[in-house]
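In my numbering, the protein residues as written are 68 to 551.
All C-beta atoms in this analysis are idealised placements derived from N, C-alpha and C, irrespective of residue type, glycine included.
For reference, the structure is listed below as structure tokens.
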Amino acid sequence: MSFSLRFPPIASSSYSVSMRGLVFLVLCILILNGSDPCSGGKTSSFTRKVEKSVDMPLDSDVFHVPPGYNAPQQVHITQGDHVGMAMIVSWVTQDEAGSSVVLYWSEDSKHKKEAKGKHSTYQFYNYTSGYIHHCTILNLKHDTKYYYEVGIDHTIRKFWFITPPEIGPDIPYTFGLIGDLGQTFDSNNTLTHYELNPHKGKTVLYVGDLSYADNHPDHDNVRWDTWGRFTERSVAYQPWIWTAGNHEIDFAPELGEIKPFKPFRHRYHTPFKASGSTEPFWYSIKRASAYIIVLSSYSAYGTYTPQNQWLIDELPKVNRSETPWLIVLMHSPWYNSNSYHYMEGETMRVMFEPLFVQYKVDLVFAGHVHAYERSERVSNVAYNIANGMCTPVRDQSAPVYITIGDGGNIEGLAIEMTEPQPRYSAHREASFGHAILDIKNRTHAYYSWHRNQDSFAVEADSLWFYNRFWHPVDDSICARGEEA
Ligand SMILES: [Fe+2]
């Protein structure tokens, strides 16, 4: 929404004085109301079902166990180094350890190479996991299709992936964005919509909360296995970049389980050491023209903590001439205007927001809230304990914050929003869906959000993002005079 003030020609001095007074009065009212001519956030009126989402039954076809004794299942891949020339391949064998070897070959080669991995098991209360294998394939060529095999003899399973192009400032690349997926019928809709979106994502930036096993009695870890089998159809073929959410903590002292993140740590590896991190929950990767920083909302981030120190050391390393797009993933959003989890991200915002503005982060994606929201470019960094300046203001050095925790999990939609819609909130809607970030070059990226109720190609929210380093002009919808 935008408007302009138009006045008739000044006919006399007295008219001029009264009009000036009127203009002054209007401006005062606008300032006192904290409003500006471009503050029209949108709360979508889209009507959707609000009944509780239900986990798919254990005998659903999406949880199908592959045939054959000890056949590898729950196959998933993620980037295995800092620059996209390695891949971590993970899978589970249920009956015995079997082999931790991955055979792989490029599309134009018949020679199969071998990478050796390791396996482990874990116990959680009365559950014992299968044999969880992780194998890192190194020295891959960029922009190449590779086939890979896991398993032995009659239970060999074959998959493929395509490595990213060599890193460079104008390399186009398309990311999918999914969060808080779970394993309900709605989760299945979200994944299907992502797969069938004509705008093909090549890598998923996953913003945390995977299986929601902890919503079942005794954190039933069988639901970690079913989630692994459910998502295999995508994550065995393209890497998902993992962020840890609160449903990965699995802290259950009542069950004697006091080591946080135990199932996640065993099942989902990340290449954290490649970026100098000391824990798998915060790390960075480069991919094409993007620099992705993953943070942990549920690990310590105060001054002097390992995550805090790592981020302070990390941000100056980002070379925007090499990777122009600086993107941060976290689980708990900072700029959320949903009543659900309202203010939970506030302490991390206080710690890290000045760094995000200083280093001109382009985009921040979070989950946690089971709805969709996109912010304006705002910051709230002027406050100190004496000055009381604690209102978010428009800031062209600030990121856009997007909450995409609408994957469709067992907890259902977060339909209650704070009213009135805060000025920092540009677009919000309680619907399940996913998003696509299509980076075109060093200056432009096209972004779209897709709700599950629409057909696959429909964009329920979309806009061009301008890079904060190379093209830092206002990219908000209202700045371009479009309907917000
Ligand atoms: Fe969450």
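Taking C-alpha positions only, K185 is separated from I155 by approximately 11 angstroms. Counting only runs of at least 4 residues, the region 199-274 fully encloses the following alpha helix (DSSP H) elements, listed from N- to C-terminal order: 252-263.
With a cut-off of 8 angstroms on Cβ pairs, the region 387-407 is in contact with the region 357-370, counting three or more such pairs. In the DSSP assignment, Y350 is bridged to V361. For the 7 angstroms CB-CB criterion, N137 and E163 form a contact. In this structure, the straight-line span from the alpha carbon of R444 to that of P466 is close to 6 angstroms. If you check the CB distance, Y468 and M415 do not come in under 7 angstroms. In the DSSP annotation of this structure, the continuous segment of the alpha helix (DSSP H) that includes K329 starts and ends at K329 to R334. If you look at S515, you'll find it in the beta strand (DSSP E) that goes H511 to R518. DSSP places L322 in the helix class (H, G or I) of the three-state scheme.
According to DSSP, residue pairing for D528 in a beta bridge involves W516.
Excluding its 5 nearest sequence neighbours in each direction, W401 has C-beta neighbours in its own chain below 8 angstroms: G412, E413, M415, R416, E420, V431, A433 and Y468, listed in chain order. Here K384 carries a helix assignment [DSSP, helix/strand/coil].
In this chain, the alpha helix (DSSP H) harbouring M415 covers E413 to Q425. Shown here, Q376 sits in a helix according to DSSP, grouped into three states. It is roughly 6 angstroms from the alpha-carbon of A527 to the alpha-carbon of R518. Taking the Cβ atoms as the reference, S254 lies roughly 6 angstroms from N476, within the contact range of under 8 angstroms. Cβ contact annotation for V428 (same chain, cutoff 6 angstroms, sequence separation greater than five): L393, V395 and P466, in chain order. E233 places its beta carbon 7 angstroms or farther from that of L170. Buried is the label assigned to Y426, since at least 16 other Cβ atoms lie within 10 Å of its Cβ. Counting the other Cβ atoms within 10 Å of the Cβ of D247 gives 16 or more, which makes it buried. For R547, there is no enclosing alpha helix (DSSP H), as DSSP marks it with neither H nor E. When DSSP reads this structure, V168 sits in a beta bridge with K183. Following the DSSP letters along the chain, one finds E299 inside the alpha helix (DSSP H) bounded by residues V289 to V302. Here L378 is buried: its Cβ has 16 or more other Cβ atoms, across all protein chains shown, within 10 Å. For L393, the enclosing beta strand (DSSP E) begins and ends at W392 to L396. Distances from the CA of T241 to each of D276, L504 and I308 were compared; the closest alpha carbon is that of L504.
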